[in-house]
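So the structure is just underneath, and the comments pick up after that.
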């Protein structure tokens, strides 16, 4: 047997070696010095097109069903609302399909004058009855888990269609000549209504086109046939016909959405001939596409931001204050059979189901968390540490609100008081959950775990990753989860949209924590309905103090956003209520200069 | 047995296979609670309050037999359910995502098989010589490389380093617009074939450019399997009496190898080649994901991790049919390669 390699063998080995030498630098993370010196030239490509590569895929194209960012983004380019947010402002509006709007204190009505000469993509003309139809259809459909609760609350002080009648819906939105009139249930919703309808769920549809394609025919008799129907069964789920600057060319689910310029647009012509949003799951593929000029914007996970640092052909857009916040939530009434309780007793081998009902336990946890390390290490310094659910940028935000900081002595003090001293003597064990793959949340769990152990080595928390949708969310729903982390993203930019989920007895989070009370609900309502801005702000301040005193969770960070556009994209500005990463494409442009 | 009778008999066997497979998969998915399965319809914690309504609307809390029965009843009326992941009926989703995967398989499978056969027979003909060792080392190296690593490496080199040379995806933006325009007829949704049928050279070249890296990745990773099988099969053939006779007759070594040894060594390779093609055609998740070449594998994977039961069952049905058909084709091919093999009777 020959011990020597043939000529071919040597060639192959040499080729492999060369491949490794080329690959090695590509696989090694650049040092900070290298990043600063990196000179990557991004070529100008795809003139007239805006190409975005991201990880989200629209769930639906139906404005009345859409409640996710990826869907909302496409809807915002194709459909139009009566009004839109003015620039970066959360409470000022520009006319779109309404040319003017008037509030009546006497009638509690908002009246909108409807623009004339507007064409739908399929050729129909916009009329006030299209507007009435669009809102009524949304409420009659009332998709399970959809956004329509935001209509029912201001119009009826109700949560869903089942709480009202067809006649109520019919009467709440009326056509009056060139005007459409909305009757609100309370003046407290005056601003919230404008903020609500400036979003995608307030999109205007072509009534005739909808009816011709099997949607609700506008009558009471047909309404039950369209109430909470199965996902995917509406025509609008996959088809679009708006009045916006772009019309739908192709939705290839899981792959891409392609929009093309609408030649008959009533406003300024669309600045891009094509708007293409591709779903590209792999980060390296997205990154290389950006650097090759094939994408104008890509989604960058926070952990990979460093890989794009120092590239001169990318625009450094950062510190964008998102209207969102992440928090740990304590479950005050855990299901006694939860598998995450250990022994279910305060015997050092578990925790009782009412473990977090003791405020000293909760405060001990709040003081045991290292907020600064979390901000710097997990969030890479990109965010604001918040003390309460109301985030910076919202009316009612208190910059001087009390907030917890790391103080192990104070934590110890509270733990020693909890459960009459038994907790300190016996210690505890339980399992904390985070969604698998979310490294930021994992780091938060580890920080808490380590500090608790430092305080008392009988405080032992294990950490378990679980799938977000099939693991954690069901456990929250069944009250089995002990402590969990979730973020909240604004539906509309108002403090009410933050205090309700965090503090109301019926709130999205607080309900599953068994936190909240009738008294607290009354305070939330009083703050919302207070017509005096000065006292209203004080009421929101008070709610923030209550959150601090009750400590039902550990408030983490309001994230600051980043965008990675190539230098060829111009005109981006940030309004957190515009869905998606690309922003106001109608005001943006692309050129080589 | 007559070929037609044999095919009909084998196709009838599909019915119990499909029933068993779907029952098994449905049974496994039922191990998840209704709440977990309802999560398919929930994207956000904001929607949690409506979970009971979702369970009721889709009947997720009904007994196993009822749920399976309902699904089976739908299938018998050609309704395979709705794919939430694909936002279209399951049957449409299969045809929607299959062409991309088929395109990969059409280009990668012949390459894998031909290179594997060539390398295997060459190695066997030079047994224990440097060429044999080198071939085996190269093949094993290829087999050992993780697909995601190799894929990313190729992207970094041929797309990143040589800016934009061999891009991921199926088509460039411009060609994608052409393909989706009214002037371009999508006969098969397989871009290369459609480009030929439309006599569109730029689309064909663009599609081929996008195929290079994923096909190389699949080939490098899979070729070793065929190569090793071919080598051992060839070695077995070369030890047979008829090879000795052929050599004794004074036939040239090339003729002995190509005409006598290789043909007989091909029989096991044909079996495996069928499975290689079927394996590629039912989706190559990692390659499809890394190269953004989304096909049926990507769809099935997304459906599985999201507990999209209708889609998973639809994919299982498709997969079963594919494998049964591939088996059938392989059996028929046997009879062509080895005349001693009779359909339904084995070797005579």
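Chains as they are written, first to last, in our numbering: chain V, 29 to 621; chain L, 149 to 496. All C-beta atoms in this analysis are idealised placements derived from N, C-alpha and C, irrespective of residue type, glycine included.
Exercise. Considering only residues of the same chain and omitting the five flanking positions on each side of residue 152 (chain V), which have a CB-CB separation below 7 angstroms?
Worked result: 234, 236 and 237
For this session: Counting only the same chain and skipping the five closest in sequence on each side, list residues whose C-beta sits under 8 angstroms from that of residue 418 (chain L).
Result: 478, 481, 482 and 485
For this session: Could you spell out where the alpha helix (DSSP H) holding residue 447 (chain L) opens and where it closes?
Result: 444 to 453
Exercise. So which residues on chain L does residue 469 (chain V) lean against when the C-beta distance must stay under 9 angstroms?
Worked result: Residues of chain L passing the Cβ test: none, with the nearest at roughly 14 angstroms.
Exercise. Closest Cβ-Cβ distance between residue 354 (chain L) and chain V: below 7 angstroms?
Worked result: no
Problem set entry | For residue 58 (chain V), three-class secondary structure by DSSP | Low local confidence applies: a pLDDT of 47 at residue 58 (chain V) is under 50, so the model's placement there is unreliable, and no value is given.
Exercise. At what residues does the beta strand (DSSP E) containing residue 165 (chain V) begin and finish?
Worked result: Not the beta strand (DSSP E): residue 165 (chain V) falls in the alpha helix (DSSP H), residues 156 to 169.
Problem set entry | Interface residues of chain V facing residue 315 (chain L) [CB-CB closer than 8 angstroms] | 317, 320 and 322
Problem set entry | Test: residue 307 (chain L) CB closer than 7 angstroms to a CB of chain V | yes
Exercise. Taking the beta strand (DSSP E) that residue 229 (chain V) falls in, what are its first and last residues?
Worked result: Note, residue 229 (chain V): premise wrong, no beta strand (DSSP E); not H, not E.
Problem set entry | Residue interval of the alpha helix (DSSP H) (run including residue 460 (chain L)) | 457 to 485
Exercise. Taking the Cβ atom as the reference point for each residue, do residue 444 (chain L) and residue 431 (chain L) lie within a distance shorter than 7 angstroms?
Worked result: yes
For this session: For residue 465 (chain L), count neighbouring C-beta atoms within 10 Å of its own C-beta (all shown protein chains included) and say buried if the count is 16 or more, exposed if not.
Result: buried
For this session: Have a look at residue 559 (chain V) and residue 307 (chain V) and give me their C-alpha separation to the nearest angstrom.
Result: 45 angstroms
Exercise. Of all the beta strand (DSSP E) runs that stay within the bounds of the region 361 to 428 of chain V, which reach a length of 3 or more residues?
Worked result: 411 to 413
Exercise. Is the shortest distance between the beta-carbon of residue 168 (chain V) and the beta-carbons of chain L less than 7 angstroms?
Worked result: no
Exercise. The alpha helix (DSSP H) with residue 379 (chain L) in it runs from where to where?
Worked result: 349 to 386
Exercise. Whose C-beta lies closer than 7 angstroms to the C-beta of residue 449 (chain L) among residues of the same chain, with five residues either side of it excluded?
Worked result: 433
Problem set entry | Proximal chain L residues relative to residue 265 (chain V), where beta-carbon distance stays under 9 angstroms | 235
Exercise. For residue 335 (chain L), which residues in chain V fall below 9 angstroms Cβ to Cβ?
Worked result: Those do not exist, as residue 335 (chain L) stays about 17 angstroms from chain V at its closest Cβ, beyond 9 angstroms.
For this session: Go through its chain and collect everything with a Cβ distance to residue 452 (chain L)'s Cβ below 7 angstroms, but skip five positions before and after it.
Result: 460
Exercise. Quick one: does residue 501 (chain V) have its CB under 7 angstroms from some CB of chain L?
Worked result: yes
Problem set entry | Those residues which DSSP pairs with residue 252 (chain V) across a bridge | DSSP output for residue 252 (chain V) lists no bridge partner at all.
Exercise. Applying a beta-carbon distance threshold of less than 9 angstroms, which residues of chain V neighbour residue 427 (chain L)?
Worked result: The contacting residues do not exist; residue 427 (chain L) stays about 21 angstroms from chain V at best.
Problem set entry | For residue 323 (chain L), the first and last residue of its enclosing alpha helix (DSSP H) | 321 to 327
Problem set entry | Contact list for the region 428 to 454 of chain L against chain V, Cβ threshold 9 angstroms | 437, 438, 439, 440, 442, 446, 447, 450, 453 and 454
For this session: Go through its chain and collect everything with a Cβ distance to residue 436 (chain L)'s Cβ below 6 angstroms, but skip five positions before and after it.
Result: 442, 443, 445 and 446
For this session: Give a yes or no on whether 7 angstroms exceeds the smallest Cβ distance from residue 419 (chain L) to chain V.
Result: no
Exercise. What does a CB cutoff of less than 6 angstroms around residue 387 (chain V) pick up in its chain, not counting 5 residues either side in sequence?
Worked result: none
Problem set entry | Between the CA atoms of residue 368 (chain L) and residue 298 (chain L) - distance to the nearest angstrom | 9 angstroms
Problem set entry | Contiguous alpha helix (DSSP H) assignments of at least 4 residues, all confined to the region 194 to 250 of chain V | 194 to 200, 218 to 225 and 235 to 240
Exercise. What does residue 463 (chain V) pair with, by DSSP beta-bridge criteria?
Worked result: V:494
Exercise. Under 7 angstroms, do residue 588 (chain V) and residue 411 (chain V) count as touching if we go by C-beta distance?
Worked result: yes
Problem set entry | Segment limits, beta strand (DSSP E) that includes residue 516 (chain V) | 511 to 517
Exercise. Beta-carbon of residue 308 (chain V) versus every beta-carbon of chain L: anything under 7 angstroms?
Worked result: yes
Exercise. Just to confirm, are residue 281 (chain V) and residue 429 (chain L) a CB contact at a threshold of 7 angstroms?
Worked result: no
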